[in-house]
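Peer 1: Protein sequences, first through last, are from chains A, B, C, D and E.
So for the first sequence, the numbering used here puts the first residue at 146; every next one is plus one.
So for the second sequence, the numbering used here puts the first residue at 146; every next one is plus one.
So for the third sequence, the numbering used here puts the first residue at 146; every next one is plus one.
So for the fourth sequence, the numbering used here puts the first residue at 146; every next one is plus one.
So for the fifth sequence, the numbering used here puts the first residue at 146; every next one is plus one.
All residues carry an ideal CB built from backbone N, CA and C; glycine is no exception.
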Amino acid sequence: MNVSTPITSGRRLAITPRVREILSWYESDNPGTKGNLVRLLMTGKLAGTGKLVILPVDQGFEHGPARSFSVNAPAYDPHYHFQLAIDAGLNAYAAPLGMLEAGADTFAGQIPTILKMNSANSLSRLNEDADQAVTASVSDAVRLGCSAIGFTIYPGSDRAYAQMEELRELANEAKSVGLAVVVWSYARGGTLDKKGETAADVIAYAAHMAALLGAHIIKVKPPTDHISLDAAKKAYEKGKIELGTLTDRIRDVVKSCFNGRRIVIFSGGEAKSDANAVLDEIKQIAAGGAFGSIMGRNAFQRPRDEAIKLLDDIIEIYAKAA
Amino acid sequence: MNVSTPITSGRRLAITPRVREILSWYESDNPGTKGNLVRLLMTGKLAGTGKLVILPVDQGFEHGPARSFSVNAPAYDPHYHFQLAIDAGLNAYAAPLGMLEAGADTFAGQIPTILKMNSANSLSRLNEDADQAVTASVSDAVRLGCSAIGFTIYPGSDRAYAQMEELRELANEAKSVGLAVVVWSYARGGTLDKKGETAADVIAYAAHMAALLGAHIIKVKPPTDHISLDAAKKAYEKGKIELGTLTDRIRDVVKSCFNGRRIVIFSGGEAKSDANAVLDEIKQIAAGGAFGSIMGRNAFQRPRDEAIKLLDDIIEIYAKAA
Amino acid sequence: MNVSTPITSGRRLAITPRVREILSWYESDNPGTKGNLVRLLMTGKLAGTGKLVILPVDQGFEHGPARSFSVNAPAYDPHYHFQLAIDAGLNAYAAPLGMLEAGADTFAGQIPTILKMNSANSLSRLNEDADQAVTASVSDAVRLGCSAIGFTIYPGSDRAYAQMEELRELANEAKSVGLAVVVWSYARGGTLDKKGETAADVIAYAAHMAALLGAHIIKVKPPTDHISLDAAKKAYEKGKIELGTLTDRIRDVVKSCFNGRRIVIFSGGEAKSDANAVLDEIKQIAAGGAFGSIMGRNAFQRPRDEAIKLLDDIIEIYAKAA
Amino acid sequence: MNVSTPITSGRRLAITPRVREILSWYESDNPGTKGNLVRLLMTGKLAGTGKLVILPVDQGFEHGPARSFSVNAPAYDPHYHFQLAIDAGLNAYAAPLGMLEAGADTFAGQIPTILKMNSANSLSRLNEDADQAVTASVSDAVRLGCSAIGFTIYPGSDRAYAQMEELRELANEAKSVGLAVVVWSYARGGTLDKKGETAADVIAYAAHMAALLGAHIIKVKPPTDHISLDAAKKAYEKGKIELGTLTDRIRDVVKSCFNGRRIVIFSGGEAKSDANAVLDEIKQIAAGGAFGSIMGRNAFQRPRDEAIKLLDDIIEIYAKAA
Amino acid sequence: MNVSTPITSGRRLAITPRVREILSWYESDNPGTKGNLVRLLMTGKLAGTGKLVILPVDQGFEHGPARSFSVNAPAYDPHYHFQLAIDAGLNAYAAPLGMLEAGADTFAGQIPTILKMNSANSLSRLNEDADQAVTASVSDAVRLGCSAIGFTIYPGSDRAYAQMEELRELANEAKSVGLAVVVWSYARGGTLDKKGETAADVIAYAAHMAALLGAHIIKVKPPTDHISLDAAKKAYEKGKIELGTLTDRIRDVVKSCFNGRRIVIFSGGEAKSDANAVLDEIKQIAAGGAFGSIMGRNAFQRPRDEAIKLLDDIIEIYAKAA
């Protein structure tokens, strides 16, 4: 699909065959949840393509305001991010409670929102039993008109089972009121070392667990070519699964999510000054069959014009891959 | 009973005297739960025999997708397992939330499903206080049209009492809405060593506890001839209970479940390349009075044709033993 | 009262003055709970005497099936115990959830049942913080037609306060739906040594706490002549309380339960091959004013005929003491 | 006010101006709670004076039956204490669940009762994280016709915040159903040493916290002249607050409870053989503005006649101070 | 705006444009919560200016009564603080449950109140896992006619996530019943050293997290020029954010709260004998764009006349800055 066609007026488009196909994978959901998946897939420049680019702004919670916003001062204002997501033609905007409350009325109905339900912060010293605070309720998502809830789990952490149980309750409630569920699955804690957190086998495993937990949309980091678990290494060799390129690894992650029956998107990683480095990575990700990107710091820490240009280029890549 | 009779159209069969007898053991259950036990016992090639072969697919959660599915790539797709269970003429299909959601509509009413309510994973380092995350609710089982919930306990673990209390609540709720309760009882954790986990006395004890906790169907591993607890050793000697062969030990486990008044089934153990080794074990298990097998990796990690052949042979063994 | 009078058709007897007296002690209970106390006191050969002999079968949970039942194989069957309690003319039968579910229909209305709500097991290594899993709910007791719930506390354990709080909730709910509450009070854990668990002062203290917690019927072990706490020793000396014989000590325990205003019964202790040793102990217990015995292993681990003979002899002792 | 006036027929007295004044301090309470405060203040020989003497019997839980009752054997009977409180003309009787249940009908309406909601025991080894088991519910207090709930907190303990949160829930519920709230505030645990538990600053602090937590009536131990916290020492010196005599210290405690706007009563301390020693202490306490005493062991561990005489003398002291 | 205009009859004033502007930032709140924000902003001498001075009295809980009140004895009386806040023309009075209950009727409708929901105390030794006891419920705030709840979090503490989850539940409930939410955000515990607690980056981060958690009003301490986290230091340098003066740092904190879209107020710090020192600090705080001060010890630990004079001077500073 060519992005130059006027898909920016996406919400008026009829549902495309590709979106219908994607919806067909969510066999157990009620019309409310399916309606919100439609909203996410039929908004913005990528509307109808089955691809998504989402703006997440939870960096303030994770790293504090100065590290998040001082490099681009207008970003201190919650309205900035709503507007950026709208103007860049993204599919959705994801943020913690306060950030969405601060623009809920001004931007009502203009872009699907995802309420990020839990957050960690850099002041906490908890590592092996890494956790996040659950900072919002499903009733908050409903009153704020959100399309989905977002929840992070840390598979590998000593607190991972407790987190999964929190997710069980929130996801069950969210589905019952017609919301979609987005899961950030980041392996961390326990005996996992830094390198293992983004190992190819661990990323695929983390994504698979999110799918098993009932996520509609799964977000993971782009995997490296490291393999962390010995037993997994043998399996990859025996199954002759290619992991040499990022594209190979993305393909393995997508396959690990119900053989492509779940939407998997990838984070943009740490802020990079070189936009081309970002785009090169996205191309490889898109080539692997990714459903899109969720791009935070690489978007809002750039000057607005540069950010919109970069997001446009990313959208173009996904539109071509659609 | 000869398996060549056309029992594959099992659901249209009248309830057999043997199934009526088995139902009579569940004296406290409401018609809803009895109806689901009938569904489990009157489906597939073994319908009416009082025997069951069930396909469980929770390996993805336990070991990750590559270790589970790379050896037989179509198995990445959740639909594959529904279809395998139906085509092989099994009694039921058991899986975690996401796996069932992904085929809930396509396969609705075609095979009884068991929602696996809790799962562990290989990224966790918790051992002596081994636990699982509860990843689904009874209301999920209801909305997905399941016949039963499945729950794992780890007797011996420092978390075992907490797990039993989770099971109490879920089983009480499940029974009240007419679902059956399947308990995986795997001794693990605390001071128990690896050998003790499958010791004859420990397996029988773990199965007995599941029965005391109100399980309708109990799943344990096939026991070895090791005896773990000294006090149990004396009791076995004093009671002159034979444990020399696997068949002896299976008989002891079945007796330990209310003298045969509860359905006890056995896991297929680790994946074996040699189908004959699998069948030899099943023969001994069946000879001991087992009600059936729950066969995961040995089924879905084989090419589909081989898997169906193996499952057919297993069904034949149980049909003969009925 | 002479046991040769035909009190075995106990349930048709009018309530005796002694039972009326006992009922008068339970000043705060609703008619439902009083009705169930009547059922417990007006059933079996001791009906109307104010004495009770109860069969408890939770050994399978505590010690495993082989140690519990292999010495008398018919006892593997849950029906065996219902029938034994009925045929021996006992007042009630107490067991965990699964055991009662397995005979709930066959024996409905034939003998009062006590649902044992929590259980420990021999696979657990938890000692100083000894605990039990709560394995049933009050709604289970209601649907199974039980007359009472049974609950174990371990005073002295680091988990004792949490257990007492579990009991508070269950007892409050049980009373509100007209059930009686039986408390097994076994000091254990914390700094208590093995000898202290059955010390005269500790048993009396444990029984007193059960009374304070609102128990209708209290079960403790027969106390030894050891005194565990120094402060208690001084008090016993100062108060000139005799503890020399078992009868003395039983009297002190009964007095410690609201000066005799609560039903206190004693366990039969470890299995003894010599029936006379059992009867000798019961005589001393009865002489001290005990309201009866709760006799598990010494009943069901004997051949049925011997068990019924022994229980008859025990009933005779209590009937004479009434 | 002279105690020789016939105030023993207290419940028929019109509410006195002093009681009206005290009621005016409880500005936020509903008529139900105010009615129960009236009941407490208009019962017994001190009715109408604004002073209270209360009999608490939770020693059995704290120290066991022998240490509590063997010195005065009739006290083993729960009825003994109801009758003692009535005959001595006290304002109220406080005890744990079982003790109140055992006399709830016989003594209904004859004396206001306070259901002690939590208790510790001497078998527990928990010290630095000292706690109590919550052994009753507000619904128990309601069905037993109590006027108030009683709850102990251990400020300083590592469990103190959890206890305060338990109190929050119980007090909120109690107030909503028209009950009064009595808080036993005993500093204990954490880094506090034995001497610090009764230090003047700590007692005043503990009493103040009980007031902040919403208690209607606060019970503390008589403070010594020790000061535990350095920062408090400086404040006492700077504020020129006299702590030299017990009377001074009582005055400071009363002032610390909202400048006298909350009822503060003091425990009788350990059992003393010399009645005069008890009375001397009460005189000093009364002179400091205390609203009364809560006198357990020094009452029920004496022969009944001596106890009534002692309580009469105590009442006389408070009547004179009124 | 000049404070000499008769804004003390503030509650009768029409809502000013500035207050309307502030209200417009709270986009997601219902009319009940907005009404309470109006009450807070349209009361007292600063009514209509968009500035607030609040009297908080939770020192008794934190430090005990002697350290809090002995220096100014009338302050022992809860009525004193209500009256002080009213007479000084403040916007609101904040205190724990008991303090508000003690004046709820006398001062009903005379000044907006904030129910402080949780409190720590000096007897607790918990440091790295610093916590507070939740001592009130939202239903308490409603029955006491409060305008807001107040809640403290300790970002950095090992208990911070649990505290945030408590806040989530209370804030969600408070907003649903039309109350405003004030969050005291004090970094403490974990690996944070004393100096770090008031570091410029940490204060801004703590304030930002409170905003993300959905606070309407945020209270932090005035920041020092120390920077605690290395990553933050780099960000401040890169973003060229001035932190040299207190005014600079206040500006950074205000910006960190949604670029000024949330009300941020600052505590008055430790009691200072020199009123001029207090006023100098307030001038710098006001110059940085602070919305006001919350002034406890520096108000109620002075003689009443001095306190009112000081508060008048503070109000004057903020009125000029408005």
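1) Would you report the Cα separation of Asn-147 of chain D and Lys-190 of chain D, rounded to the nearest angstrom?
2) For chain D, find out if any of its Cβ atoms is closer than 9 Å to the Cβ of Lys-383 of chain C; answer yes or no.
3) Find the residues of chain E that neighbour Arg-333 of chain A, judging by a C-beta separation of less than 7 Å, and give them in chain order.
4) Should the stretch 328 to 339 of chain D be called in touch with the stretch 380 to 387 of chain D, which here means at least 3 C-beta pairs below 8 Å?
5) Does Leu-268 of chain E come within less than 9 Å of chain D when only Cβ atoms are used?
6) At a Cβ cut of 7 Å, what residues of the stretch 393 to 417 of chain A count as close to chain B, listed as they run along the chain?
7) Which class does Phe-411 of chain A belong to by DSSP, given the choice of helix, strand or coil?
8) Roughly how many angstroms lie between the CA atoms of Ala-420 of chain E and Ala-237 of chain E, to the nearest whole one?
9) According to DSSP, simplified to helix, strand and coil, what is Gly-243 of chain C?
10) Looking at chain D, is there any beta carbon in it that lies within less than 9 Å of the beta carbon of His-361 of chain E?
11) Given this structure, state the Cα-to-Cα distance separating Ala-275 of chain A from Asp-222 of chain E, to the nearest angstrom.
12) Whole angstroms are fine: how far does the CA of Asp-397 of chain A sit from the CA of Leu-388 of chain A?
13) If I follow the unbroken beta strand (DSSP E) through Trp-329 of chain C, where does it start and stop?
14) I'd like to know whether the C-beta of Met-262 of chain C is nearer than 9 Å to at least one C-beta of chain D.
15) Using a Cβ cut-off of 9 Å (strictly closer), state whether Arg-449 of chain C contacts chain B.
16) Which residue wins for smallest C-alpha separation from Phe-403 of chain B, given the options C:Phe-227, C:Val-198 and C:Lys-339?
17) Along chain C, in chain order, which residues have C-beta atoms closer than 7 Å to that of Ala-281 of chain D?
18) Rounded to whole angstroms, what's the CA-CA distance from Asp-285 of chain E to Met-244 of chain E? Just pull it up for me.
19) Using a Cβ-Cβ distance cut-off of 9 Å, determine whether Val-198 of chain B contacts chain A.
20) I need the straight-line Cα distance from Glu-342 of chain E to Leu-186 of chain D, nearest angstrom please.
21) Checking 9 Å against the spacing of the C-beta atoms, do Ala-239 of chain A and Leu-271 of chain A come in under that value?
22) Closest to Ala-316 of chain C by CA distance: which of C:Ala-278, C:Ala-355 and C:Asp-203 is it?
23) Assuming the contact rule is C-beta atoms closer than 8 Å, Ala-351 of chain C and Ala-325 of chain C should be a hit. Round their C-beta distance to whole Å, please.
24) Use the C-beta contact count for Thr-194 of chain D: other C-beta atoms within 10 angstroms, 16 or more gives buried, fewer gives exposed.
25) Which residue comes first and which comes last in the alpha helix (DSSP H) that contains Pro-210 of chain B?
26) Three or more beta-carbon pairs under 8 Å between the stretch 197 to 206 of chain A and the stretch 441 to 449 of chain A, yes or no?
27) Residues in its own chain within less than 8 Å of Glu-311 of chain B by CB, not counting five upstream and five downstream?
28) Which residues in chain A sit within 9 Å of Leu-301 of chain E, going by Cβ to Cβ distance?
29) Give a yes or no on whether the minimum CB-CB distance between Asp-520 of chain B and chain C is below 9 Å.
30) Would you list, in chain order, the members of the stretch 315 to 327 of chain B that have their beta-carbon closer than 9 Å to a beta-carbon of chain C?
31) Among all the DSSP beta bridges, which residues are the ones paired with Gly-295 of chain B?
32) According to DSSP, simplified to helix, strand and coil, what is Ala-237 of chain E?
33) Buried or exposed, going by whether 16 or more other CB atoms sit within 10 Å of the CB of Ala-159 of chain A?
34) For Leu-186 of chain D, which residues does DSSP report across the bridge?
35) Counting only beta-carbon atoms, is Trp-329 of chain A nearer than 9 Å to chain B?
36) Does DSSP put Ile-362 of chain E in a helix, a strand or coil?
Peer 2: In short:
1) Locating residue 147 of chain D in the fourth sequence gives position 2, where the first residue counts as 1. Locating residue 190 of chain D in the fourth sequence gives position 45, where the first residue counts as 1. For Asn-147 of chain D, the pLDDT reaches just 45, beneath the cut-off of 50, and the residue's location in the model is therefore unreliable, although a value from the coordinates is still provided. Their Cα atoms are separated by approximately 10 Å.
2) If you number the third sequence from 1, residue 383 of chain C lands on position 238. With 9 Å as the cut-off, Lys-383 of chain C counts as an interface residue toward chain D.
3) For the purposes of this step, residue 333 of chain A is taken as residue 188 along the first sequence, with counting starting at 1. Those within 7 Å of Arg-333 of chain A in chain E number zero; the least Cβ separation is about 15 Å.
4) Output reads no: the stretch 380 to 387 of chain D does not touch the stretch 328 to 339 of chain D.
5) If you number the fifth sequence from 1, residue 268 of chain E lands on position 123. Chain D contact via Cβ: present.
6) Cβ contacts with chain B come from Lys-400, Ser-401, Phe-403, Asn-404 and Arg-406.
7) The sequence position of residue 411 of chain A within the first sequence is 266, counting from 1. Under the three-state reduction of DSSP output, Phe-411 of chain A falls in the strand class.
8) Here residue 420 of chain E is taken as the residue at index 275 of the fifth sequence, counted from 1. Here residue 237 of chain E is taken as the residue at index 92 of the fifth sequence, counted from 1. Distance from the CA of Ala-420 of chain E to the CA of Ala-237 of chain E, rounded to the nearest whole angstrom, comes to 22 Å.
9) Your numbering for residue 243 of chain C matches position 98 in the third sequence. DSSP places Gly-243 of chain C in helix when its eight states are reduced to three.
10) Sequence index remark: in the fifth sequence, residue 361 of chain E carries index 216 (1-based). It does not: the Cβ of His-361 of chain E has no partner Cβ on chain D nearer than 9 Å.
11) Along the first sequence, read from residue 1 onward, the residue named residue 275 of chain A stands at position 130. Along the fifth sequence, read from residue 1 onward, the residue named residue 222 of chain E stands at position 77. Taking the straight line from one Cα to the other gives about 46 Å.
12) On the first sequence, residue 388 of chain A is found 243 positions in, with the first residue counted as 1. On the first sequence, residue 397 of chain A is found 252 positions in, with the first residue counted as 1. Take the alpha-carbon of Leu-388 of chain A and the one of Asp-397 of chain A: they are about 8 Å apart.
13) On the third sequence, residue 329 of chain C is found 184 positions in, with the first residue counted as 1. Residues 325 to 330.
14) The residue labelled residue 262 of chain C in the question sits at position 117 within the third sequence. Not one chain D Cβ lies under 9 Å of Met-262 of chain C.
15) The count along the third sequence starts at 1 and reaches residue 449 of chain C at position 304. Chain B places no beta carbon closer than 9 Å to that of Arg-449 of chain C, leaving this residue out of the contacts.
16) One-based indexing of the second sequence puts residue 403 of chain B at position 258. Ranking C:Phe-227, C:Val-198 and C:Lys-339 by Cα distance to Phe-403 of chain B puts C:Phe-227 first.
17) Taking the fourth sequence and counting its residues from 1, one reaches residue 281 of chain D at position 136. Among the residues of chain C, those whose CB is under 7 Å from the CB of Ala-281 of chain D are Arg-313, following chain order.
18) Residue numbering aside, residue 285 of chain E sits at position 140 when the fifth sequence is read from its first letter. Residue numbering aside, residue 244 of chain E sits at position 99 when the fifth sequence is read from its first letter. Cα atoms of Asp-285 of chain E and Met-244 of chain E: separation of roughly 12 Å, rounded to the nearest angstrom.
19) As a first step, residue 198 of chain B must be located in the second sequence, where it is residue number 53. At a cut-off of 9 Å between beta carbons, Val-198 of chain B makes no contact with chain A.
20) Here the question's residue 342 of chain E lines up with position 197 in the fifth sequence. Here the question's residue 186 of chain D lines up with position 41 in the fourth sequence. Roughly 49 Å between the two C-alpha positions.
21) The residue labelled residue 239 of chain A in the question sits at position 94 within the first sequence. The residue labelled residue 271 of chain A in the question sits at position 126 within the first sequence. Between Ala-239 of chain A and Leu-271 of chain A, the C-beta spacing is not below 9 Å.
22) As a position in the third sequence, residue 316 of chain C is number 171, starting the count at 1. Closest option to Ala-316 of chain C, Cα to Cα, is C:Ala-355.
23) Working through the third sequence from its first residue, we reach residue 351 of chain C at position 206. Working through the third sequence from its first residue, we reach residue 325 of chain C at position 180. Wrong, their Cβ atoms sit about 19 Å apart, outside the cutoff.
24) Residue 194 of chain D sits at position 49 when you count from the first residue of the fourth sequence. Buried, since its Cβ has 16 or more Cβ neighbours within 10 Å.
25) Start at 1 with the first residue of the second sequence, and residue 210 of chain B comes out as number 65. In this chain, the alpha helix (DSSP H) harbouring Pro-210 of chain B covers 210 to 214.
26) Output reads yes: the stretch 441 to 449 of chain A touches the stretch 197 to 206 of chain A.
27) Along the second sequence, read from residue 1 onward, the residue named residue 311 of chain B stands at position 166. Only residues of its own chain outside the window of five on either side were considered, and among them Asn-263, Val-279 and Phe-296 have a CB closer than 8 Å to the CB of Glu-311 of chain B, listed in chain order.
28) Working through the fifth sequence from its first residue, we reach residue 301 of chain E at position 156. The sequence given here places Gly at residue 301 of chain E; Leu does not occur at that position. Here the neighbours are Asn-266, Leu-268, Ser-269 and Arg-270.
29) Not covered by the structure: residue 520 of chain B. The range shown for chain B is 146 to 467.
30) The residues in question are Ala-316, Asn-317, Lys-320 and Ser-321.
31) If you number the second sequence from 1, residue 295 of chain B lands on position 150. Gly-295 of chain B pairs with B:Lys-261 and B:Val-327.
32) The residue you call residue 237 of chain E lines up with position 92 of the fifth sequence. Judged by DSSP in its simplified three-state form, Ala-237 of chain E adopts strand.
33) The sequence position of residue 159 of chain A within the first sequence is 14, counting from 1. Looking at its Cβ environment, which holds fewer than 16 other Cβ atoms inside 10 Å, Ala-159 of chain A is exposed.
34) As a first step, residue 186 of chain D is located in the fourth sequence; it is residue number 41 there, counting from the start. None; Leu-186 of chain D has no bridge partner.
35) Within the first sequence, residue 329 of chain A is the residue found at index 184, counting from 1. Not one beta carbon of chain B lies nearer than 9 Å to the beta carbon of Trp-329 of chain A.
36) Start at 1 with the first residue of the fifth sequence, and residue 362 of chain E comes out as number 217. Here Ile-362 of chain E sits in strand by DSSP.
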